[in-house]
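Notes for the one structure printed next.
Numbering (my numbering), first residue to last: 15 to 77.
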């Protein structure tokens, strides 16, 4: 079985508390991301775009 490390790509204290309540081991990283919505961007598209950018930002720093 492979070992995986859970990385929270957020500095949100609320999200950290959620993972702590689940007793999940994790590390946190501050993603480099401008969270300004693009013109005419729907909330759904904004969330998906930001999730992708944050994941990529943190995966590069993990390499």
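All C-beta atoms in this analysis are idealised placements derived from N, C-alpha and C, irrespective of residue type, glycine included.
#### Entry: Runs of beta strand (DSSP E) lying entirely within the stretch 26-59, each at least 3 residues, in chain order
40-42
#### Entry: Opposing strand residues paired with residue 22 [DSSP bridges]
42
### Task
Assign residue 16 to one of three DSSP states: helix, strand, or coil.
coil
### Query
Of the choices 62, 16, 23, 18, whose alpha-carbon is the least far from that of residue 46?
23
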